[in-house]
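Every letter in the sequence shown is one number past the one before it in the UniProt record's numbering, and letter 121, counting from 1, is 121.
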Amino acid sequence: MTDIPMNTMVRVAAHPRRDIGLKARYAAERRFRIYGMLAISVGLAFLAIMLITIVTKGYTAFWQTTVSLPISFDEKVIDPSNKRATDPTVLIKANYPKLAEKALIAKLGINPDDKPSILKLKGFLSEGARVQLRNIVAADPSVIGTTRDVNILAAANLDSAFKGQIDLGVEEARRKVSDQQIAWMNKLRADGAMAEHFNTGLFSYGASSRPETSGMGVAIIGSFYMMVIVLLLALPIGVAASIYLEEFAKKNRFTDLIEVNINNLAAVPSIVFGLLGLAVFINFLGMPRSAAFVGGLVLTLMTLPTIIIATRAALAAVPPSIRAAALGLGASKMQMVFQHILPLAAPGILTGTIIGLARALGETAPLLLIGMVAFVADYPKTPFDPATALPVQIYMWANEAERAFVERMSGAIIILLVFLMAMNITAIVLRRRFERRW
Numbered sequence: 001m002t003d004i005p006m007n008t009m010v011r012v013a014a015h016p017r018r019d020i021g022l023k024a025r026y027a028a029e030r031r032f033r034i035y036g037m038l039a040i041s042v043g044l045a046f047l048a049i050m051l052i053t054i055v056t057k058g059y060t061a062f063w064q065t066t067v068s069l070p071i072s073f074d075e076k077v078i079d080p081s082n083k084r085a086t087d088p089t090v091l092i093k094a095n096y097p098k099l100a101e102k103a104l105i106a107k108l109g110i111n112p113d114d115k116p117s118i119l120k121l122k123g124f125l126s127e128g129a130r131v132q133l134r135n136i137v138a139a140d141p142s143v144i145g146t147t148r149d150v151n152i153l154a155a156a157n158l159d160s161a162f163k164g165q166i167d168l169g170v171e172e173a174r175r176k177v178s179d180q181q182i183a184w185m186n187k188l189r190a191d192g193a194m195a196e197h198f199n200t201g202l203f204s205y206g207a208s209s210r211p212e213t214s215g216m217g218v219a220i221i222g223s224f225y226m227m228v229i230v231l232l233l234a235l236p237i238g239v240a241a242s243i244y245l246e247e248f249a250k251k252n253r254f255t256d257l258i259e260v261n262i263n264n265l266a267a268v269p270s271i272v273f274g275l276l277g278l279a280v281f282i283n284f285l286g287m288p289r290s291a292a293f294v295g296g297l298v299l300t301l302m303t304l305p306t307i308i309i310a311t312r313a314a315l316a317a318v319p320p321s322i323r324a325a326a327l328g329l330g331a332s333k334m335q336m337v338f339q340h341i342l343p344l345a346a347p348g349i350l351t352g353t354i355i356g357l358a359r360a361l362g363e364t365a366p367l368l369l370i371g372m373v374a375f376v377a378d379y380p381k382t383p384f385d386p387a388t389a390l391p392v393q394i395y396m397w398a399n400e401a402e403r404a405f406v407e408r409m410s411g412a413i414i415i416l417l418v419f420l421m422a423m424n425i426t427a428i429v430l431r432r433r434f435e436r437r438w
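This is the structure in structure tokens:
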């Protein structure tokens, strides 16, 4: 072996052109890292801005202003002819707003003969007081002739003013709340009769033209029905199709065509599935519009490609050695798939299913086309009754002109985001819990 002179080795190691190339590669790597960190920072910044905007505008929707009033359930107002024993509808038709107005007049110390002041009370209490008091009497008619403290909802404008969402410094003509109403509000606040309470109605009320009595109860039930239908239909059909295509179907042009179409369907805009549901389920099959069952069928069609693709990827990720070992021990192909491959692929299947359900929960466009944008105030008893969904309710509130609906829209977005986050976290937990490493 020929020895290389030391001065020659030094010259090779210290070649200037090679040093320049090495420095350039290191510099390119540093720039790439900086670009990556910058991209992540920009994305997180926009996400933070979005979440902060939604939370700051919507957290007040979880609190509702009420006025505590001693309501005198006067029999002369509710049932002056004493006919409720023979005609129960008397209790439904009674003038309940008059009871709330009389209690408010007494609370504020207004002279009952002061007509101008009494006229200014209009719009102070919610018109939902009629239903609120009527339900109390209908549930327990023995309250007639007694006096009970009841928390009456304040009107939407007073609720916004009480929460500080209305600039009270501008002139009265430019405000929806008069100076007299502000003075009464401050008096009731000082007396402790006007305060904010947790807004349970946001989760229990149905659709309403009044913001203070609007809620997501019908939308939550409708979304629940649809998610159950999607889970019962999309999961077994999607898993069965995936198993057949991945494990049993022969590889030919026909199966290749099916795979291409499934991948294309996963990228089709959701509104196209809405058009399909309108044409097939409603116009051709005559199913009811605005029904959660039809919405569930449409979302099932939209979710199927996602579940099939995720399930096939989970099945393909199982090592071939497990298949060979099962078949080598005498198991049939069916036993190999359902007793060995499917349990090992379960984490990926669950993840794909939950992600598909989360996507379906947030869809709006296909539901608008099948009529789920209808004004529905009553709870749907079955999936075939008229209903709406959470994203559709948000869309409807976004189109309302009153300021208080914006607050409820943001609150509904917070609830929808919580549901979506919970579903995605569940997918991550289930995947890590059942994941097996080979």
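Yeah, the Cβ is synthetic: ideal placement off N, Cα and C, and Gly gets one too.
Being a predicted model, the structure only gives us computed values, none of them experimental.
- Closest by C-alpha distance to residue 372, out of 73, 221, 44, is 221.
- Residue 72: not part of any alpha helix (DSSP H); member of the beta strand (DSSP E) spanning 63-72, first to last residue.
- Rounded to whole angstroms, the Cβ separation of residue 156 and residue 211 is 4 Å, and the two are in contact under 8 Å.
- Taking C-beta separations shorter than 6 Å and ignoring five residues to either side along the sequence, the partners of residue 144 in its chain run 73, 75, 78, following chain order.
- In its chain, beyond the 5 residues on either side, 369 have a beta carbon closer than 7 Å to the beta carbon of residue 275.
- Non-local beta-carbon contacts of residue 340 in its own chain, meaning distances under 7 Å to residues more than five positions away in sequence, involve 322, 326 in chain order.
- Taking all protein chains shown into account, residue 42 has fewer than 16 neighbouring C-beta atoms within 10 Å of its C-beta and is therefore exposed.
- Across the set 137, 173, 124, 135, the C-alpha of 124 shows the shortest separation from the C-alpha of residue 162.
- Rounded to whole angstroms, the gap between the alpha carbons of residue 70 and residue 193 is 10 Å.
- In the structure shown, residue 150 adopts extended strand secondary structure according to DSSP, grouped into three states.
- The beta carbon of residue 57 is closer than 6 Å to those of 410 in its chain, skipping five residues each way along the sequence.
- Proximity of the segment 421-434 to the segment 350-358 meets the contact definition, three or more beta-carbon pairs being nearer than 8 Å.
- Between residue 160 and residue 152, the CB-CB gap reaches or exceeds 7 Å.
- In terms of Cα proximity to residue 248, the closest of 416, 333, 316, 308 is 333.
- Counted as a single uninterrupted DSSP element, the beta strand (DSSP E) harbouring residue 195 occupies residues 194-198.
- Under the three-state reduction of DSSP, residue 389 is assigned to coil, being neither helix nor strand.
- The beta strand (DSSP E) runs lying completely inside the segment 221-248 and spanning 3 residues or more number zero.
- With respect to residue 434, residue 291 sits apart: the two C-beta atoms are not nearer than 7 Å.
- Note on geometry: alpha-carbon atoms of residue 111 and residue 105 lie some 8 Å from one another.
- In the structure shown, the three-state DSSP call for residue 401 is coil.
- Rounded to the nearest whole angstrom, the CA to CA distance from residue 389 to residue 223 is 5 Å.
- The DSSP-derived three-state label of residue 266 is helix.
- With respect to the C-alpha of residue 397, the residue from 375, 47, 386, 348 having the closest C-alpha is 375.
- By the C-beta density criterion, residue 242 is buried, having at least 16 other C-beta atoms within 10 angstroms.
- By a beta-carbon distance limit of 8 Å, residue 349 contacts residue 239. Their separation comes to about 6 Å.
- Per the C-alpha coordinates, the member of 107, 134, 67 positioned closest to residue 94 is 134.
- Excluding five sequence positions before and after residue 54, the CB atoms of its chain that fall closer than 8 Å to its own CB belong to 410, 413, 414, 417, given in chain order.
- Each residue's CA atom was taken as its position, placing residue 255 and residue 261 some 10 Å apart.
- One Cα belongs to residue 131, the other to residue 113, and the distance between them is close to 27 Å.
- Of all C-beta pairs linking the segment 301-316 to the segment 264-271, three or more are shorter than 8 Å, placing the two stretches in contact.
- Residue environment analysis places residue 218 among the buried positions, since at least 16 neighbouring C-beta atoms fall within 10 angstroms of its C-beta.
- Relative to residue 154, the option among 419, 404, 431, 430 whose CA is nearest is 404.
- For the 7 Å CB-CB criterion, residue 315 and residue 400 do not form a contact.
- Residue 59 and residue 199 have their C-alpha atoms some 11 Å from each other.
- Residue 101: member of the alpha helix (DSSP H) spanning 96-108, first to last residue.
- Contact between residue 196 and residue 65 is confirmed by a C-beta separation of about 6 Å, below the 8 Å threshold.
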